[in-house]
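Heads up: the structure comes next, in structure tokens.
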Amino acid sequence: SDGDGNLTLSDFLGDDMPKYATLSHRWEEGEVMFKDIIDGTSESKAGYGKIQFCGVQARRDGLEYFWVDTCCIDKSSSAELSEAINSMFRWYQKATRYYVYLSDVSIRKRKETNRSAECNWESAFRASKWFTRGWTLQELLALRSVEFFSRETNRLGDKGTLEQQIHDITGIPTKALRGDPLSQFDDDERFSWARSRETTRAEDKAYSLFGIFDVQMPLIYSEGKVKAFQRLRDAIDKPFKGKSYLYNYYLNVETSSEKDLLSLLPFATNAPFDSRDHEHEAACLPETRVDLLQEIHSWANGKDGQDEQCIFWLNGLAGTGKSTISRTIAHEYNEQKRLGASFFFSKGSGDAGHAGMFFTTLGAQLARTVPLLRQYICEAAKNQNDIASLSLSEQWRRLVLNPLSNLDSESCQTYIIVIDALDEYMDDNNIRIILRLLAEARSLTTVQLRIFLTSRPEIPVRYGIRAIPQAEHQDFVLHDIQPAIINYDISLFLEHYLRIIGQELFIWVSTACRFIKDSEEFAEDRLDEILEGTGFEGTPEQYLDQIYITVLQNSIPAAFRPSEKVRLYTIQRRILGSIVILFSYLPAASLAKVIGISGIRLTQTLERLQAILDVPKDVASLLRLHHPSFRDFLLSKDRCGNY
1 SDGDGNLTLS DFLGDDMPKY ATLSHRWEEG EVMFKDIIDG TSESKAGYGK
51 IQFCGVQARR DGLEYFWVDT CCIDKSSSAE LSEAINSMFR WYQKATRYYV
101 YLSDVSIRKR KETNRSAECN WESAFRASKW FTRGWTLQEL LALRSVEFFS
151 RETNRLGDKG TLEQQIHDIT GIPTKALRGD PLSQFDDDER FSWARSRETT
201 RAEDKAYSLF GIFDVQMPLI YSEGKVKAFQ RLRDAIDKPF KGKSYLYNYY
251 LNVETSSEKD LLSLLPFATN APFDSRDHEH EAACLPETRV DLLQEIHSWA
301 NGKDGQDEQC IFWLNGLAGT GKSTISRTIA HEYNEQKRLG ASFFFSKGSG
351 DAGHAGMFFT TLGAQLARTV PLLRQYICEA AKNQNDIASL SLSEQWRRLV
401 LNPLSNLDSE SCQTYIIVID ALDEYMDDNN IRIILRLLAE ARSLTTVQLR
451 IFLTSRPEIP VRYGIRAIPQ AEHQDFVLHD IQPAIINYDI SLFLEHYLRI
501 IGQELFIWVS TACRFIKDSE EFAEDRLDEI LEGTGFEGTP EQYLDQIYIT
551 VLQNSIPAAF RPSEKVRLYT IQRRILGSIV ILFSYLPAAS LAKVIGISGI
601 RLTQTLERLQ AILDVPKDVA SLLRLHHPSF RDFLLSKDRC GNY
């Protein structure tokens, strides 16, 4: 910067360069570009803060100059851009200091928890998107010393102190992280380090590896990803001949024959966490469930002697937030490219309501999320085209266990499978069989497979878990979390809508919010009515019953005559009773025909019950319960009374 503190650009040619620092970061909206420095408009950009941080930190380290890719490369010049990309790895290597700014990692302490700040930021560090970007791979490996900083510009540590965490996140061997020459690692292994990383421009997936393979070649941004990799393959000292499988794996290209083979595997389309059926279902809010999520991440990464524990069983009463946590875990590990598969059981939801497609759905997902497995899973489908008719144990071993056994430990990391609501699958014997098979993941020696499992503490699941050696699973009882932590999380969920003294039931909160929102003109009255119902000491189930009864009481307008109310209650019981006892959910039009009432009458009733029913705007979509706990409530005379 100049004497007034303004950023200025300096040119140095050849080897006559002063000592300098460099900044690594994730490109976001409002970055300071080369033109902004020239025009003097850099301070108006959102990204100016991290540029300023780099300059301040460089001065603290006794350096006058620093280099940042966003604003030190004139991208309007194709010649300069090509030179920069081909030289970037070398420029990083020559830097005196190297700072990584992580905008998605905060050290801010969470209120009402005795966890240290480190425990909080480490979870965010492991989930940082910086580790998912293509260009940051060479930035991580170019220098022996790399320093990491939080969003608040606090130093978190360096590549040495954070070595184990970085190894767990990236799967890169510690020798490479410590600065051993990259040429000591074969081509296959170096390609594997980049498999889970993404770039904005398709060709950059290849161009970002120039430094990793010590090659140079011209940039052709119109050529596409496949041609860019073909040219990269030709430029690598050891030609990529005979490795077409790894080449396809890195590009994540499915051949037509592989697509045909995978199509033989019956697939429950509504079971994965990111299926359309789960599109509008929530994950944990930021700063909620922090301690529990940290414990799950520690288990997933094999910390604190948890290497033996291949299963994490999260159990809790209905409405305690198990599925919300499952979606959060699935989303986070999917972002890290470590989610192998997910299956969310749901009673009455067709293929997701039973285990008929359980292992075939897991196998098909693994073939797509872990490309190295695709060959082995396709071979299993080819060798046994009726594989879905085999026993559960044969499906598990052929589609999951055996393919994973073929992976090379040097190039593989830990993968997570998320299974939600196993108790909603009603065959008790098969539940125990499934749990016994999942526990066989412990036998894998070349790769780690972690099974995250949720259910209510039902007897079949408890017996199945009890049959697994204690050292091979970790359990967490969700409804035993300290009330103070539950209260804090619920207050965040409600924000300024509700302030309640705290219950363990997240579904209580969700239902209450929908109940209030459904009648905005009487929102205050409904809020008062709900809060009146919290002034007693009871079990979580009793609190849940209270909110359901409140919703049902208010579903019949007070202006109706007593005889009309009786008639409406009868119709309402008929509709709700049919929904909860049907084997599969139905669209509204089909339900009206089944129970013999007019579509208009059904629609009018459903409009008053949206706090407990998911009523789609699309008439062809299925009517659903917002939560299965309402089924339990309605099927118990002691709990629902005359409703």
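The C-terminal position of the sequence shown is numbered 643 in full-length UniProt numbering, with every residue numbered one higher than the one before it. Every residue gets a Cβ at the ideal spot worked out from N, C-alpha and C, and that includes glycine. No experiment lies behind these values; they were computed from the predicted model shown.
| Check | Outcome |
| --- | --- |
| Boundaries of the beta strand (DSSP E) in which I311 is found, first to last residue | I311 to N315 |
| Stretch pair the segment 319-329 + the segment 270-285: three plus CB contacts closer than 8 Å | yes |
| Chain-order list of residues whose beta-carbon lies under 8 Å from that of S323 (same chain, five-residue window excluded) | E281, F344, D420, A421 and T454 |
| Option in I169, L162, D188 and D186 with minimal Cα separation from R178 | L162 |
| Own chain, CB closer than 7 Å to C54, minus 5 neighbours either side, in chain order | A21, L23, F66, V68 and Y99 |
| Which of helix, strand or coil DSSP assigns to H354 | coil |
| Where A271 falls, given that 16 or more other Cβ within 10 Å makes a residue buried | buried |
| Residue 645 to I451 span [Cα, whole Å] | Because the chain in this structure spans residues 1 to 643, residue 645 falls outside the shown range and cannot be described. |
| Sequence-distant residues of its chain with Cβ nearer than 7 Å to I236 (five each side left out) | D187, F213 and V215 |
| Coil, strand or helix - Q395 by DSSP | helix |
| Reduced DSSP secondary structure (H/G/I, E/B, other) of W27 | coil |
| Simplified DSSP state of S342, which is helix, strand or coil | strand |
| Rounded separation between S10 and D16 - CA only | 12 Å |
| Whole-angstrom distance between V400 and I377, CA atom to CA atom | 8 Å |
| Collapsed DSSP secondary structure at T8 in the structure displayed | coil |
| Candidates A355, Q470 and L478: closest to I433 by CA position | A355 |
| Close beta carbons around R514, own chain, < 6 Å, minus the five adjacent residues each side | A611 |
| CA nearest to the CA of R397, picked from Q309, L623 and T360 | T360 |
| Alpha-carbon spacing of T8 relative to E147, whole angstroms | 24 Å |
| Sequence-distant residues of its chain with Cβ nearer than 7 Å to M33 (five each side left out) | T70 and C71 |
| Inter-stretch contact (C-beta, 8 Å, three-pair minimum) for the segment 43-59 and the segment 78-85 | no |
| Separation of G321 from F630, as counted between CA atoms | 14 Å |
| CA nearest to the CA of I417, picked from N334, R60 and G353 | N334 |
| Assigned secondary structure, P371 (DSSP; H/G/I helix, E/B strand, else coil) | helix |
| Start-to-end residues for the beta strand (DSSP E) that takes in G157 | R155 to D158 |
| Segment limits, beta strand (DSSP E) that includes E147 | E147 to F149 |
| Bridge partners - D638, DSSP secondary structure assignment | DSSP output for D638 lists no bridge partner at all. |
| Cα-Cα separation between Y497 and A512, rounded to whole angstroms | Bear in mind that a pLDDT of 40 at Y497, under 50, signals an unreliable position, so the number given afterwards is only what the model happens to contain. Cα to Cα, Y497 sits roughly 10 Å from A512. |
| For H626 and L613, believed in contact at Cβ under 8 Å, the rounded distance | 7 Å |
| Distance, A388 Cα to V425 Cα | Note on residue identity: the sequence assigns Tyr, not Val, to residue 425. In a straight line, the C-alpha of Y425 is about 18 Å away from that of A388. |
| Test item: CB-CB of L582 and G348 under 9 Å | yes |
| Cα-Cα separation, I169 to Q572 | 52 Å |
| Where W121 falls, given that 16 or more other Cβ within 10 Å makes a residue buried | buried |
| At least three beta-carbon pairs within less than 8 Å, the segment 547-563 to the segment 584-594 | no |
| Reduced DSSP category for L264 - H, G, I as helix; E, B as strand; rest coil | coil |
| Beta-carbon proximity list for R155, same chain, < 7 Å, skipping 5 on both sides | E147 and F149 |
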